[in-house]
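Accompanying notes for the structure given below.
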Amino acid sequence: MPSLYSLTQYLNSTLKLDIYDSHGYGNFVEYVEGKQLKVLVKGILDNDIDIGGALFINHERLRAVRYSGVLNLLGIKFFLKKPPLSYVKNIYVLTLTKQVWFATFLITFLFLVALYIALRWERTSWTNYEENIMPENQRSVSVSDMVLLSLEALCQQGTYIEPVTLSARILMLWFFLFFMFIFVAYSASILILLRSAAEIRSISDLLNNKFEVGALNVHFMKHYLSKPKHGPLRELYIKKIYPNNYFSIEDGFRKIQKEHFAYFTPIAHASLANMRNYTNYDICAFQELAGYIDDAGVTRTWNCPQSQSAHSSKASLQ
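As structure tokens, this is what we get:
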């Protein structure tokens, strides 16, 4: 708009603004509920206006109008509230790293093998103690006893197996201590992860997680979201936005606060709504995710003068 204002001053002309219903798509003739809309591109073609502003480039318009200067950069991004980590991932597995899980299973297996050997040896060698000390149900040890022993240690319960020799008792003590430390570390890690927020890093994350997705309820948003023919943005549109998941800016950000919801809107609209309705604390909880047209999430809008207009060449000067 500043460039158009400068142009009118340079030409010593009067700037008259006219509002149109739609930018213009397809054959540039559009109807809503049987009523024909005022279409910006058609107004340029019919010489009703000299310059049309804030138009994106697409294939149909390139054949119909001439683009001159870049009007502004329009950033369009996903806005969402960071979800709890437990909402998007299995925190019961994340508590320990893969290396720790592997080491835990390996050490448990080695302990059980050592205990099985020690308990079998004392029950076959110490015959005098079998008759005087050991109850009848403990005079033999099987693999199923070892499985029960591991569950008893994991649940921090006692065990009915009573080792007799010093070596077996030391192994049993270390086995229970090992699971006690694992249990403490696991519990502490769970508490931390329950308070953690997840970072949504890509459109694929939105697609694969339990997120509702919507977009700003404006005509150009519906048109451009339907344009990609492949990739995660296309899948997201088909599965979570099409056909009617479009909301006003107020309803969109209200859903962000109350639900697990990602809202697709221009940054300018979002910034204005945030300044009016939310505190800095609320805004800091929002996350932005690029995902429109290119990796930066930025789209250029252009001025479009009439091809035969006297102002055409001057409007192209930057």
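Residue numbers (our numbering): 1 to 318. Even for Gly, the Cβ is constructed at its ideal location relative to N, Cα and C.
Legend entry - Terminal residues of the beta strand (DSSP E) in which residue 263 lies: 261-266
Legend entry - residue 113, enclosing alpha helix (DSSP H) - first and last residue: 98-125
Legend entry - Through-space distance from residue 44 to residue 298, alpha-carbon basis: At residue 298 the pLDDT is 42, less than 50, meaning the model places this residue with poor confidence; the figure from the coordinates comes in the next sentence. Rounded to the nearest angstrom, the two C-alpha atoms are 26 Å apart.
Inset, instruction - Provide the residue span of the alpha helix (DSSP H) that contains residue 194, from first to last. - result: 166-194
Inset, instruction - Helix, strand or coil for residue 53, going by three-state DSSP, please let me know. - result: strand
Legend entry - Cβ contact check for the region 226-242 and the region 179-186: 3 or more pairs under 8 Å: no
Legend entry - When 123, 186, 66, 115 are compared against residue 91, the one with the closest alpha-carbon: 186
Legend entry - Expected contact under 8 Å - CB spacing of residue 85 and residue 197 to nearest Å: 6 Å
Legend entry - For residue 84, three-class secondary structure by DSSP: strand
Inset, instruction - With DSSP as the reference, please indicate the residues paired to residue 288 in a beta bridge. - result: 79
Legend entry - Span separating the alpha-carbon of residue 267 from that of residue 83: 21 Å
Inset, instruction - Whole angstroms is fine: what's the gap from residue 279's alpha carbon to residue 207's? - result: 29 Å
Legend entry - Minimum length 3: unbroken beta strand (DSSP E) runs contained in the region 210-244: 212-216
Inset, instruction - Check whether the Cβ atoms of residue 5 and residue 15 sit closer than 8 Å, and answer yes or no. - result: yes
Legend entry - Same chain, Cβ closer than 7 Å to residue 114, neighbours up to 5 away in sequence not counted: 171
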